[in-house]
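Just remember that our numbering sits 200 ahead of the position in the sequence shown, which is counted from 1.
We treat Cβ as the ideally placed atom computed from N, Cα and C, and that holds for glycine.
Take a look at the structure set out below.
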Amino acid sequence: MSERLDLRLSWLATFVAVVDHGSFTAAGRALGRSQPRVSAHVAGLEQALGGTLLIRTSKELTLTAAGARFLPKARAALAEIQSGVDEVRTLGTKLRGRVTVGGYPGLSAVLLAPLMQQFRRLHPGVTVVLREGDPLQLEEAIAHGEVDIALRTSDVPQVHHNVPSTHLFHEKIVLVVPARHPLATASPMDLGLLADETVMVTGDPYGGWADYRDRLDRIGADPVEIMVISQPTTISALVAAGLGVAILGAFAAQVAVFGDDVVIRALPGPLWQREIRLYRRAGRVSTPTVDAFLDLLHQAAPALTARTAIW
C-alpha cells in the first residue's frame, strides 16, 4: 500500500503565487499572508514531496528541476479544484420550482411562447406552466392562487379589487379586411365604411362581452351586424371568405391571419390600442422563480412584440 500523501491546498496556492510574483514577499502581499507564513507553506510542501522546489538567494528565485516539473501539476490541481467549487456553487444557485403564467390567445403565441422558451434555456430546473383564459377567467385564477402572474387586458373591468396590477404595455388593434375591400387600400382610413359591414370581433358570444364594441360606439360606427366569435382563426377564415371585416388585437392577427386574400391594416390613434396589465395575487410573497420570469419578461418582451405593442 502506498504511503499517504498529505498536501494542503494552501501550500499549492502559495507555491504557485511565489513563482508568479517572483518572491516570497510579493507572494505574501498578493495572498494577504506574512513572509514567514509563505516560507513555511513552501517548506511544508517541499517536505511532503521530499524534494526542493525553489532555490532562494538574496537576489533571485529559481525553480529546481523538480519545481519545474511540479509547477504545471500544481496549477492544474488548483484549476480543477476551482472548477469543482464553481460547479457546486452553480448547482446551489440554480433556480428550481414552478411558475404558472396566465395569458390570452394571441399574446400567448406571440409573447409568452418565445419567452417561456428563453426562460427554459436559462433555468432548466424551473417548470413554466401556461394557463389561458378570457380577462375574467384570468382574474379569477389570480384571485384564487391558481396562477402566479397573469397578463390581462384592462378593457374588462376588474372584479376582485384586492388583486394588484401594474401597467405593462399597449397592444395595437388592427383591422382585417378582404384584399379587394375598399378599406384594404383606403388612405386615410375611412372607418365610416364600417356602417355598411358585418364587423367581427373576439369575445364570448354566450357571456355577453365583446372586444372593441365600445370603440365602435365611440367613433359613431353602426355596422349592419357585430358578430362575436371566440376564435381568431375562425374570424380570419370568415374574412377570407368575404363574409365581413374584423377588428382584432395585433397579437391574434399576427398568428391567425395569413394568405393573400386578407389584408391587415393598422388603425389610427390611441383609441385603437388596449392596455395590458400585469396582475399578481394580493399578499403573495415573491419567489425567486417568479422574480426571474418577470425580469426576463421586462428585458425580452419589447423586442418580441416590436410590431404589435407599444411599450
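Closest by C-alpha distance to residue i, when choosing among the options
| i | options | result |
| --- | --- | --- |
| Leu391 | Val455, Ala379, Leu467 | Leu467 |
| Ala450 | Leu383, Tyr406, Glu425, His370 | His370 |
| Gln235 | Gly244, Arg352, Thr225 | Thr225 |
| Ala440 | Val424, Val463, Gln431 | Val463 |
| Val301 | Gln499, Ala509, Phe493 | Phe493 |
| Ser436 | Glu425, Gly459, Gly420, Lys273 | Gly459 |
| Arg298 | Trp511, Thr489, Leu497 | Thr489 |
Proximal residues to residue i (C-beta, below 8 Å), its chain only, five neighbours per side dropped
| i | result |
| --- | --- |
| Ala503 | none |
| Ser202 | Confidence at Ser202 is low in this model, with a pLDDT of 47, below 50, so the placement of that residue is unreliable and no value is reported for it. |
| Ser223 | Leu261 |
| Val363 | Glu339, Ile342, Ala343, Tyr479, Arg480, Arg481, Ala482 |
Endpoints, the beta strand (DSSP E) within which residue i is located
| i | result |
| --- | --- |
| Met427 | 425-429 |
| Val520 | Outside the displayed range of the chain (201 to 511) lies residue 520, so it cannot be described from this structure. |
| Arg465 | 462-466 |
Nearest-angstrom Cα separation, counted from residue j out to residue i
| i | j | result |
| --- | --- | --- |
| Trp409 | Ser387 | 31 Å |
| Gly333 | Leu351 | 10 Å |
| Asp206 | Ala248 | 7 Å |
| Val445 | Asp411 | 14 Å |
| Leu443 | Ala309 | 26 Å |
| Arg517 | Thr398 | The requested residue 517 does not occur in the structure, where the chain is confined to residues 201 to 511. |
| Arg278 | Lys294 | Checking the sequence, you will find Leu at residue 278 rather than Arg. Roughly 24 Å separates the two Cα atoms. |
| Ala341 | Tyr406 | 20 Å |
| Arg415 | Gly325 | 44 Å |
| Leu307 | His360 | 22 Å |
| Asp348 | Glu339 | 11 Å |
| Phe215 | Val242 | 6 Å |
| Arg256 | Val238 | 13 Å |
| Val229 | Lys259 | Position check: residue 229 holds Arg in this sequence, whereas Val was assumed. Taking the straight line from one Cα to the other gives about 19 Å. |
| Met427 | Leu438 | 11 Å |
| Val385 | Val374 | A small fix is needed here, since residue 385 is Thr in this sequence, not Val. Computed Cα separation, rounded: 14 Å. |
| Ala276 | Ala501 | 43 Å |
| Leu315 | Val328 | 10 Å |
| Gln318 | Leu383 | 39 Å |
Terminal residues of the alpha helix (DSSP H) in which residue i lies
| i | result |
| --- | --- |
| Arg296 | Neither: Arg296 is in no alpha helix (DSSP H) and is coded neither H nor E. |
| Gln318 | 313-322 |
| Gln473 | Gln473 -> not in any alpha helix (DSSP H); beta strand (DSSP E) instead, spanning 473-480. |
| Phe224 | 224-231 |
Nonlocal neighbours in the same chain, by C-beta distance under 6 Å from residue i, ignoring five residues either side
| i | result |
| --- | --- |
| Thr433 | Ala456 |
| Glu475 | Ser354, His370 |
Residues near residue i in its chain [Cβ-Cβ closer than 7 Å; skip 5 each side]
| i | result |
| --- | --- |
| Asp495 | none |
| Ser210 | His241 |
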